Amino acid sequence: MSNKDIIICRCEDVSLQDIHDCLDEGYTDFEVIKRILRVGMGPCQANTCGLLVQREIAKYLKTPLKEIKIHKIRPLVTGVKLQSIVENSKNES
Amino acid sequence: MKANIVIIGGGISGVSIAYNLAKKGMKDIVVFDDNYMTGGATGRCGAGVRQQWGTLMNCKLAKMSIDFFEKAQEELKYHRDVEFKQEGYLIVATNKEEDERFIENVKLQNSVGIPTRICTVEEALEIVPHLNKDIVTSAAFCHTDGHLNPFLMTDAYYVAAKRLGVTFYYREKVNEIVTKNKKIVKVITDNYEIETSKVVNAAGGYSKEVGDLAGVDIPVYSENHEILVTEPIEKVQGPMVISFSKNIYCQQVPHGSFIMGRSNPLVEHNHDISSTHDFLDEMSKTAVELLPPLGKLRVTRQWGGSYNLSPDRQPIISDTDQLEGYYIACGFSGHGFMFAPVTGLLLSEVILGEKTTIDMTDLHLDRFKNKTFKAYEKSVV
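Chains as they are written, first to last, in the numbering used here: chain A, 58 to 150; chain B, 1474 to 1854.
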C-alpha cells in the first residue's frame, strides 16, 4: 500500500506520505508539523493520530518515543455549538 | 561563532527582517527563537490582513504589505500554498459615532489608494447575507483585504531566507546581550555565544524583556487576546466581519472553519495566554448576535496569544540612540502579522543605512520619549 493511501490524521485527511515529506524537509517538531499539515487540529485533537505522528518522528530521528514531545491539547474537549454555550450562559446568570 | 546580525524572534517579523536583509546581500544572519516556529503571537493571530485603519501611517504600512502579499507566493518561491484570499473585510458600524468615523477613515484610506467604500445596510447584506440587519447601521468594505495562513506565510519566509543563507535556531533562548562602551559585543544563548555588533529585537510579546536584556527601554506591554475556531463547513462567508463597538472579528478561512476573537477590556498586562470560560461565553453571545446562523457551529478549539501594545497602537520600527547597533520591531498592537512585509523592508533599510521607502519618523521609538506622537489608532479589536 502506498504511503499516500495510509491516512494518519482522519480529521484533516493527512497521509503518512505527507508526514514523511514534512520530516524530510527538516520539520521534526510535533508543534510545527501540526501547523504545517493540520494534524491534530481537527475535532479529535490528535487523540487518534498523536501517537502515530510521534512514532514517525521518533523513527525519523532515531530517538526513543518517550523523548518526542507531543503537542499542547487545547480546550474544548469536545465540539459544542455556539448556540448551546449562549443558552447555557443565560441559564447560569 | 560570529554573525553580522542576530535577530531575536523567529515569528513573522523576524523571518521577514531576515529575508529582506539576506535579499539585499547581507551575510551571516542568525535568528534565535526560544519557542517552536510560530509558537508566539504569529501562530496565535486571527489570520486576517487588512488595510482599513484610522491612522495615515497604519494605512500606508498595510497597503504596502498587501501589495507584497499579492506576489508573496511567487517572490518567495514557496512550494506550499500560503492560502492568500482577497475577499475583503466588512467592518460594520452599529451607531452614529461609528457611521461618522468610518466615513472619515474611508477618506483617509482612499487618499493612499486603498479601495474602501462605505456601504448601506442593504449593500452590506449583499456582501454578507447572514448579518443581523437590526444592529448594523452602515459598513465599510475593502475588497482587497483578506486572509493568509500565518503558519505557512511564516514558513514561506523561513524557507526563502534559509535558501539565501540565513541560519535559524528555534527552541533556543537568548539569555544575555553583552555590551561594552554602549556597543553590542555578543549574544549568549542556552548553547551558543555569538560575537556580533548588531541585534534586532523582533521578540513580539517579549520585546520589552529583550529590550531590558540590552538596557534599552521600550514602552510596550503585552496582554492576552483570546480566540476560537469552529468545525469546518461549506463556504458561506467571504469577508472577515469586524465590529469595534460589538467587539468581534470573525472570518471563515479557506479550510472552512470560522476563526473569531474579541478583546477583554479588563485584561491585565502580562504574558498570560490561557483560555477562559468567560471568553467562550462572551464570544459566543457576540457571534450569535451579529451573525445568527453561526450558532449552529461547534467550537473545536480555543487559545490565547499576546498583543504587544505601544502607547499609540502603531508599530515601533527603528534604531535607538540608547544603544548602537540595536534595532527594534515591536509594539504592533495585534497587527504584526499583517504588517510583516513592510516591517522587514523598512527595518532592513534602516539597518543597511539606505534611504527608507517612506518617512519613518512616526515609527521611531523616540516619538514616545519626546511625546511627539499625535495619532492614536482606534480601529483595533
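In this text, a Cβ means the ideal position worked out from N, Cα and C, and glycines have one as well.
This one's a predicted model, so the numbers in the text were calculated from it and none came from an experiment.
With fewer than 16 other Cβ atoms inside 10 Å of its own Cβ, B:D1745 counts as exposed. The DSSP-derived three-state label of B:Q1724 is strand. Shown here for B:V1815: same chain residues with a beta carbon closer than 7 Å to its own, the five before and five after excluded, namely L1534, M1537, S1538 in chain order. Straight-line spacing of the CA atoms in B:H1616 and B:Q1559 works out to 7 Å.
A Cβ-Cβ distance of about 7 Å is found for the pair B:V1854 and B:I1721, placing them in contact under the 8 Å criterion. Judged by beta-carbon spacing, B:M1474 lies within the 8 Å limit of B:E1666, meaning their Cβ atoms are closer than that value. Per the C-alpha coordinates, the member of A:E82, A:L80, A:T120, A:H128 positioned closest to A:A103 is A:H128. Between the beta-carbon of B:G1678 and that of B:A1514 there is about 5 Å, and that keeps the pair under the 8 Å contact cut.
When B:I1480, B:D1628, B:I1608 are compared, the shortest CA-CA separation from B:A1545 is found for B:D1628. Per DSSP, the beta bridge partners of B:M1733 are B:L1701, B:C1723. Put simply, the stretch 1784-1800 of chain B does not touch the stretch 132-146 of chain A. Fewer than three CB pairs are less than 8 Å apart. Comparing C-alpha distances from B:P1623 to each of B:V1522, B:S1680, B:E1577, B:S1736 shows the shortest one belongs to B:V1522. For A:C79, the enclosing alpha helix (DSSP H) stretches over residues 73-81. Under the 10 Å beta carbon count, B:G1638 is surrounded by fewer than 16 other beta carbons and is classified as exposed. Taking C-beta atoms as the reference points, B:H1742 and B:S1806 fail to come closer than 8 Å. DSSP places A:K116 in the helix class (H, G or I) of the three-state scheme. For the stretch 67-88 of chain A, residues whose beta-carbon sits nearer than 7 Å to a beta-carbon of chain B comprise D86, E88. Within its own chain, the residues whose Cβ lies closer than 8 Å to the Cβ of B:K1569, once the five positions on either side in sequence are excluded, are T1610, listed in chain order.
At least one beta carbon of chain B lies nearer than 8 Å to the beta carbon of A:I93. The beta carbon of A:L133 falls within 8 Å of a beta carbon belonging to chain B, placing the residue at that interface. Around the beta carbon of B:E1707, a 10 Å sphere encloses fewer than 16 other beta carbons of the protein chains shown; the residue is thus reported as exposed. If the five residues before and after B:T1749 are omitted, its C-beta is found closer than 7 Å to the C-beta atoms of E1699, all from its own chain and listed in chain order. Annotation: B:M1499 to A:C106 spans about 42 Å, alpha carbon to alpha carbon.
Neighbours of A:V110 in chain B, taken as residues whose beta carbon is under 8 Å from its own, are absent, since the nearest beta carbon is some 14 Å off. Within chain A, the residues placing a beta-carbon under 7 Å from that of B:W1776 are R131, ordered along the chain. Among the residues facing chain B, A:I142 is included, as its CB has a counterpart in that chain under 8 Å away. Annotation for A:Q140: the continuous alpha helix (DSSP H) segment containing it runs 139-149.
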